[in-house]
Amino acid sequence: MTEKTAASAPHAASSKRLEPLRQVDAGVLNIAYYEAGPADGPAVMLMHGFPYDIHSYVDVAPQLAAQGCRVIVPYLRGYGPTRFRDSSTPRSGEQAAVGVDMMALMDALGIKRAVFAGYDWGGRAACIGAALWPERCIGLVCVNSYLIQDIANAMAPQRVEREVALWYQYYFQLERGRAGLAANRREITRILWTQWSPNWPFDDACLERTAAAHDNPDYVDVVIHSYRHRFGLADGDPQYADIQRRLATLPPITARTITLDGAGDGVAPATDGSASASKFTNRLAHRVVPRAGHNLPQEAPEAFAAAVMELVKA
Amino acid sequence: MSDCVDRMRRLLLGAALSGVAGRAFAQAAVPAPPLRRMEPLRHADAGVLNVAYYEEGPPDGPVAILLHGFPYDIHSYVDVTPQLATQGCRVIVPCLRGFGATRFRGSATLRSGEQAAIGADVIALMDALGIRSAVLAGHNWGGRAACVAAALWPERCRGMVTVNSYLIQDLSQAMVPASPRDEVALWYEYYFLLERGRAGLAANRREIARMLWEQWSPDWDFDEATFDRSAAAHDNPDYVDVVIHSYRHRFGHAAGDPRYADLQRRLASQPPIAVPSITLDGDRDGVLPASDGSASASKFTGRRIHRIVPGAGHNVPQEAPEAFSAAVMELIRG
């Protein structure tokens, strides 16, 4: 079922910025987001991951807007100028929270349906939105296929090469890891980008453009909670308990879906999609993008934008 | 019981070696020479353990005790041992708790891997063998055992050789982050804090050991037979418990065995080492980068020489046996 996309050189870093940002109260957050394209166009939610920011979509967003889409690119909780509205809200990074945040943003903006597209944390948010609110989902584009976490099986070891790549997740279980992230967030980001995208020649300006989003006052709390919760080693925010119970069943995704893997992904190696086949009841295609690493929308924007447009047009 | 275990180990090893020989033959059409093994092993009740150890050299010679690390075994000293024995040393190479044919004498004894325990094990073995004083030499866990023994029982230690200088852990600083580059190398320590890591070690101990050997000694071209010879020691029934406890204890994530509480309190003061010492760093060490020794200088109050061993990784005694043996002999000769 795997398709190959046309080979292209890894995308060079861009100095462009996605601005101006808009702000809207949405659920527990005041969300900062970038918007482009006609207000009456089909909506596309572009969801970034860790340790990245909205500039993963710096090239995808204008490509989609030029083709008539209303593109919404939010900063996730803990990133950039997005803020919690209440100081007492737990700084949860659990999967249910990032999924609910996306739906709250759509509600706040009056968007009834959209294409959900993302990678890493953002791909997980997109999967959750598609699985639990299929009536809101025109289609799903996700890097690394089905990303809803199976926390009940989080203590099952994987092969050693994979465990080595997850060093940061284990590190973040310790208070040493929390202190290390707080003190050295840029260095950790640089290491992860290098490990996860070995073919991507990002430069210092490209890294710094994104790393500034990690100075958010909630970044460390949200990141640490995210990586502890997925191993069952941190409690979730009770307000998401029902959602999390539904996610624990690993619900299938019925929306039309295109999944992408980067052939050079250094943390989630490219697959043929077969292992996740049963989770997608309407997958149109699984594609391996040559040379692209984990940050697929920034490294291979044409392949990512093309997948979104196929779902918008279908 | 030890006979039975030894027989089983020989059987397992024979199977492993025949597999390796088959591969070598297919690749090179030249049968690999048989690997030397440190045997026969002797056994001694020593403290909480029945310690399996290899001995070579004249019984009345000056004693050198060679202490291996994780995830290695006594064969880190396969070349150092005969070099020292032919120069007149009585060489003792014990399997650490949790490794090889060493066993706990009591089933109820906590399978602790804490630093105080492995240090106390060295002294208990010396007591059991009637050895009053020895040069203690080691790397990794074994280097730590040597440091612990040298610091707390200086009258039993006529000199010390360690790789990576002063290795007594400062648990009070365990939550202070290192540079991110160094933290990446410690992936296994963080992994072992989770039950996932314990399950992973139990299921994939060889793959984990091989990964660490490759990461820690990037220039060491070890072959399958060499790896298998050591990895067999990790089939010890206490290996997983001792290893997991060691890495949890050092981060304050596991309580120590109460019998070592006094020793651990003394180690918490980061006691200096007064005995003559030679410290070695491999300049290709992939887990503890070579240093100039200055950061640990205040911990050595006696004569201390620090050397960088060119081309060596973390497993210095096996990768650069001449350099390691030379350091031991300098301390033997005083």
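Going down the list, the sequences are from chains A and B. Here the first sequence is numbered in the working numbering, starting from 1 and rising by one per residue. Here the second sequence is numbered in the working numbering, starting from 1001 and rising by one per residue. No residue lacks a Cβ here, since even glycine has one placed at the ideal position from N, Cα and C. Note that this is a predicted model, so its numbers are computed, not measured.
Proximity below 7 angstroms, CB of residue i to CB of residue j
i: Thr281(A); j: Pro252(A); result: yes
i: Leu296(A); j: Val143(A); result: yes
i: Ala1145(B); j: Ile1118(B); result: yes
i: Arg1284(B); j: Asp1219(B); result: yes
i: Leu1331(B); j: Val1163(B); result: no
i: Gly78(A); j: Tyr171(A); result: no
i: Pro42(A); j: Val312(A); result: yes
i: Ala213(A); j: Gly80(A); result: yes
i: Phe1192(B); j: Ile1123(B); result: no
Assigned secondary structure, residue i (DSSP; H/G/I helix, E/B strand, else coil)
i: His55(A); result: helix
i: Cys1089(B); result: coil
i: Thr369(A); result: Nothing about residue 369(A) can be reported from this structure: the residues present for chain A run from 1 to 314 only.
i: Met1038(B); result: coil
i: Val1148(B); result: helix
i: Arg1303(B); result: coil
i: Cys137(A); result: strand
i: His1314(B); result: coil
i: Tyr171(A); result: helix
i: Met45(A); result: strand
i: Met945(B); result: Look at the range of chain B in this structure, 1001 to 1334, and you will see that residue 945(B) is not part of it.
i: Asp25(A); result: strand
i: Pro1177(B); result: coil
Cβ-heavy atom distance, residue i to the ligand GTP, below 6 angstroms
i: Ala1209(B); result: Among the ligands in the structure shown, none appear at all, so the ligand GTP cannot be discussed.
C-alpha gap between residue i and residue j, whole angstroms
i: Thr259(A); j: Val141(A); result: 6 angstroms
i: Phe50(A); j: Asp150(A); result: 19 angstroms
i: Asn1050(B); j: Arg1042(B); result: 10 angstroms
i: Asp242(A); j: Leu109(A); result: 24 angstroms
i: Val301(A); j: Arg185(A); result: The sequence shown places Pro at residue 301(A), not Val. Approximately 26 angstroms, taken between the alpha carbons.
i: Phe84(A); j: Gly236(A); result: 16 angstroms
i: Gly1022(B); j: Pro1034(B); result: The predicted model places Gly1022(B) with a pLDDT of 35, which falls under 50 and marks its position as unreliable, so this point remains unresolved.
i: Tyr1188(B); j: Pro1094(B); result: 25 angstroms
i: Phe116(A); j: Ile54(A); result: 14 angstroms
i: Ile148(A); j: Gln95(A); result: 7 angstroms
i: Ser1076(B); j: Ala1044(B); result: 21 angstroms
i: Gly1130(B); j: Ile1092(B); result: 12 angstroms
i: Gly1293(B); j: Ser1165(B); result: 7 angstroms
i: Asp1182(B); j: Gly1313(B); result: 15 angstroms
i: Arg1090(B); j: Asn1140(B); result: 22 angstroms
i: Gln23(A); j: Ala32(A); result: 4 angstroms
i: Ser1179(B); j: Ser1298(B); result: 23 angstroms
i: Ala1268(B); j: Asp1262(B); result: 10 angstroms
i: Gly1143(B); j: Thr1279(B); result: 10 angstroms
i: Ile1273(B); j: Glu161(A); result: 39 angstroms
i: Arg1097(B); j: Gly99(A); result: 48 angstroms
i: Phe1104(B); j: Val1048(B); result: 6 angstroms
i: Leu1060(B); j: Arg1158(B); result: The displayed chain sequence assigns Asp, not Leu, to residue 1060(B). When rounded, the distance between both Cα atoms is 16 angstroms.
Residue-level contact to chain B via CB, residue i, 7 angstroms cutoff
i: Ala183(A); result: yes
i: Gly180(A); result: yes
i: Trp193(A); result: no
i: His294(A); result: no
i: Arg291(A); result: no
i: Val160(A); result: yes
i: Pro157(A); result: yes
Residue range of the beta strand (DSSP E) that includes residue i
i: Asp1281(B); result: Ser1277 to Gly1282
i: Gln149(A); result: Where Gln149(A) is concerned, there is no enclosing beta strand (DSSP E), given that its DSSP letter is neither H nor E.
i: His286(A); result: Arg283 to Val289
i: Ile1065(B); result: Val1063 to Leu1067
i: Tyr33(A); result: Leu29 to Ala36
i: Met1160(B); result: Cys1157 to Val1163
CB contact check: residue i to chain A, cutoff 7 angstroms
i: Val1161(B); result: no
i: Met1175(B); result: yes
i: Val1184(B); result: yes
i: Arg1023(B); result: Its pLDDT being 36, under 50, Arg1023(B) is placed unreliably by the model, and the measurement read from it follows with that caveat. No, Arg1023(B) lies away from the interface with chain A (no Cβ there is under 7 angstroms from its Cβ).
i: Arg1259(B); result: no
i: Ala1244(B); result: Looking at the sequence shown, residue 1244(B) is not Ala but Ile. Output row for Ile1244(B): interface = no.
i: Pro1058(B); result: no
Endpoints, the alpha helix (DSSP H) within which residue i is located
i: Arg228(A); result: Tyr219 to His229
i: Phe315(A); result: Summary: the structure shown does not reach residue 315(A), with chain A confined to residues 1 through 314, and so no result is reported for it.
i: Thr189(A); result: Arg185 to Trp196
i: Ala306(A); result: Pro301 to Lys313
i: Arg256(A); result: Premise fails: Arg256(A) is in no alpha helix (DSSP H) and is neither H nor E.
i: Gly122(A); result: Trp121 to Leu132
i: Gly1138(B); result: No alpha helix (DSSP H) holds Gly1138(B); the beta strand (DSSP E) holding it covers Ala1134 to Gly1138.
i: Tyr1054(B); result: Not the alpha helix (DSSP H): Tyr1054(B) falls in the beta strand (DSSP E), residues Leu1049 to Glu1056.
i: Ile111(A); result: Unbroken run through Ile111(A): none, as it is neither H nor E.
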